[in-house]
Structures are given as C-alpha cells and as structure tokens.
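Shown next, in structure tokens, is the structure this report addresses.
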Amino acid sequence: MVRDRNGNHHIVWREGDPSEATEIFYSTCTENSCSAPQGISDTRSLTCLAQEVAIQGKPEIAVDQDDLLMVAWNIDQDGLVYTQWSSSDLPPSTPAGCVPGAADVSDGNLSLVSTGAGEFTLAYSTTQNDE
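The sequence shown runs 295 to 425 under this note's numbering.
See below:
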C-alpha cells in the first residue's frame, strides 16, 4: 500500500490459490471509502511472454513525486510483469510489459521504490534450496 500527495491510499493484492491460478487486483481508498477492486493482471495480450500466465506472485506498488504509480510482480514463467499509470486515472487491466527470464523469483521477495519523477527501482531476492 502507498499513499499519494492527495492522501489517497493505493492497494494491490493477489487473489486465488497460489498453487493453481491467481490474479492481481488494485483499489484506491480515500478517507471514507474504497473503490471496487479492479483486475490489472490480464497478461493474454502481452507479446513478451511465451504462454499465458497462471500463477502471479505477490505484487509490490510504489508512487513517485508526481503521483505516478508502478506495480510489479513475479510470474510462474521465471520473470517479472509490471504496469504503471497516473494515480488520477483508472489502472490498465493489462500490464505494460514484462521481463521474461529475469530470474526465478517465484519464491523470492520484491521491493519497489520510486527514486525520482518517473523513475522506479526494483530489487528482488531469490531463494533456492532453503538458502
């Protein structure tokens, strides 16, 4: 969850059985209410993936100084998917792009932060053999 300059909270989460199929959702909350959840993980039209994604990992969200939001998450094809939009707009239902084969982060942890206007940094750790 992140908070923009106007005090709105932006939340992303994963729903579904992590061993079968999952989806990523987004909602924004003001002081009094939250918007209806919106799916943002429809990867069917992404040409950078070899096949349709079934399992989507835990999403991370960040906001920059101009209220540009970015969300990134790992997928079951050893890669990362991301999307971004202005906090004043509705989120896209399809991710903006992917980094196929970036790393096997299916069991790892992501950390996404803004490093300036329109700039984001993503760090991740991988776990293998209980290390």
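Don't be surprised by glycine CBs; every beta carbon is placed ideally from N, CA and C.
- A straight line joining the alpha-carbon of GLN378 with that of TRP367 spans about 12 Å.
- When secondary structure is reduced to three states using DSSP, GLY412 falls in the coil class, being assigned neither helix nor strand.
- In this structure, ILE349 lies away from THR388, with their beta-carbon atoms at least 9 Å apart.
- The three-state reading of DSSP puts MET364 in strand, counting E and B together.
- DSSP places LEU384 in the coil class of the three-state scheme, outside both helix and strand.
- When the alpha-carbon of THR415 is set against those of SER382, GLY301, ASP361, ILE355, the nearest one is in ILE355.
- Taken in chain order, the whole beta strand (DSSP E) runs of length 3 or more contained in the region 302-335 are 303-311, 315-323.
- Taking the Cα positions, GLY333 is about 20 Å away from VAL393.
- Per DSSP, the unbroken beta strand (DSSP E) holding ALA356 starts and ends at 354-357.
- The beta-carbon distance between THR337 and CYS328, rounded to whole angstroms, is 25 Å. This is too long to meet the 8 Å contact definition.
- For CYS392, the secondary structure class from DSSP, reduced to helix, strand or coil, is strand.
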